[in-house]
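Student:
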Amino acid sequence: MNLEIYLDYIKDNGYRCTLQRSSILSYFIEQKNRFLSAKSVTDHLQNTMGNASSDTVYRNLHLFKDIGIMDLTFQDGESLFHLKNEINTHEYKFICSECGNTTNLNLCPLEKMDTSLNDYLIYDHKFEVYGVCPSCL
347 MNLEIYLDYI KDNGYRCTLQ RSSILSYFIE QKNRFLSAKS VTDHLQNTMG NASSDTVYRN
407 LHLFKDIGIM DLTFQDGESL FHLKNEINTH EYKFICSECG NTTNLNLCPL EKMDTSLNDY
467 LIYDHKFEVY GVCPSCL
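Numbered as in the numbering used here, the sequence shown ends at 483 without a single skipped number.
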């Protein structure tokens, strides 16, 4: 994961690369393959920068999701975000419910589906597997 690649992609999509956006992305890169809550990102920015509002963090996280550099999932009623390893791709993940680490799965379940949805227009999909990783067993 290279911060400059993500910042260039943000610029290519017509957005400015602010210090807060850069700091958010840097934090996700530091956390390596983890889903993070907006609150944990806000807390980190407040500790390092001193001036981060939760509204700004939420707006940026959703912007990152909308332009294809971040995934969003829900766990126990909370929104969790994950920086994609590759921009604008579908990533399928195993998510450890103990430590939060993720492991990419090398498959697309949509390709394995039967023909029951042939008459439907599918515009997006997501596949996540939850359990406990070997380190937490």
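Ideal Cβ placement from N, Cα and C applies to all residues, glycine included.
All values derive from a computational prediction rather than experimental measurement.
Find out if the Cβ-Cβ distance for the pair leucine 382, phenylalanine 427 is shorter than 8 Å.
Tutor: Taking the first residue of the sequence shown as position 1, residue 382 is located at position 36. Taking the first residue of the sequence shown as position 1, residue 427 is located at position 81. Cβ distance < 8 Å, so leucine 382 and phenylalanine 427 count as in contact.
Student: Histidine 436 to isoleucine 413, Cα distance in whole Å?
Tutor: Position 90 of the sequence shown, counted from the start, is the residue given in the question as residue 436. Position 67 of the sequence shown, counted from the start, is the residue given in the question as residue 413. Their backbone Cα atoms lie some 13 Å apart in a straight line.
Student: Alpha carbon to alpha carbon, what distance is there between leucine 483 and lysine 357?
Tutor: Residue numbering aside, residue 357 sits at position 11 when the sequence shown is read from its first letter. Residue numbering aside, residue 483 sits at position 137 when the sequence shown is read from its first letter. Taking the straight line from one Cα to the other gives about 42 Å.
Student: Tell me the residue span of the alpha helix (DSSP H) that contains lysine 357.
Tutor: Locating residue 357 in the sequence shown gives position 11, counting from the first residue. Taken as a continuous stretch (DSSP letters only), the alpha helix (DSSP H) holding lysine 357 covers 349-358.
Student: For alanine 398, which residues from the same chain have a beta carbon less than 6 Å from its beta carbon, with the 5 sequence-adjacent residues on both sides left out?
Tutor: Numbered from its first residue, the sequence shown carries residue 398 at position 52. Same-chain partners within the cutoff: Thr388, Leu391 and Gln392.
Student: Between the C-alpha atoms of histidine 471 and cysteine 454, what's the straight-line distance to the nearest angstrom?
Tutor: Here residue 471 corresponds to residue number 125 of the sequence shown, with the count starting at 1. Here residue 454 corresponds to residue number 108 of the sequence shown, with the count starting at 1. Looking at the two C-alpha atoms, the distance is approximately 10 Å.
Student: Kindly identify the DSSP beta-bridge partner or partners of cysteine 442.
Tutor: As a first step, residue 442 is located in the sequence shown; it is residue number 96 there, counting from the start. Paired residue(s): Gly477.
Student: Given this structure, state the Cα-to-Cα distance separating lysine 385 from leucine 407, to the nearest angstrom.
Tutor: Residue 385 sits at position 39 when you count from the first residue of the sequence shown. Residue 407 sits at position 61 when you count from the first residue of the sequence shown. Taking the straight line from one Cα to the other gives about 11 Å.
Student: Which residue comes first and which comes last in the beta strand (DSSP E) that contains asparagine 450?
Tutor: As a position in the sequence shown, residue 450 is number 104, starting the count at 1. 448-451 is the span of the beta strand (DSSP E), which, as asked, contains asparagine 450.
Student: Any idea which residues DSSP pairs glutamate 424 with across the strands?
Tutor: By 1-based counting over the sequence shown, the position of residue 424 is 78. Per DSSP, Gln421.
Student: What number of angstroms, rounded off, separates the C-alpha of isoleucine 375 from the C-alpha of asparagine 447?
Tutor: Numbered from 1 along the sequence shown, position 29 holds the residue referred to as residue 375. Numbered from 1 along the sequence shown, position 101 holds the residue referred to as residue 447. Spanning the two alpha carbons is a distance of roughly 13 Å.
Student: When you compare only the Cα positions, how much space is there between isoleucine 370 and cysteine 363?
Tutor: Counting from one through the sequence shown, the residue named residue 370 turns up at place 24. Counting from one through the sequence shown, the residue named residue 363 turns up at place 17. If you take the alpha carbons of isoleucine 370 and cysteine 363, they lie about 11 Å apart.
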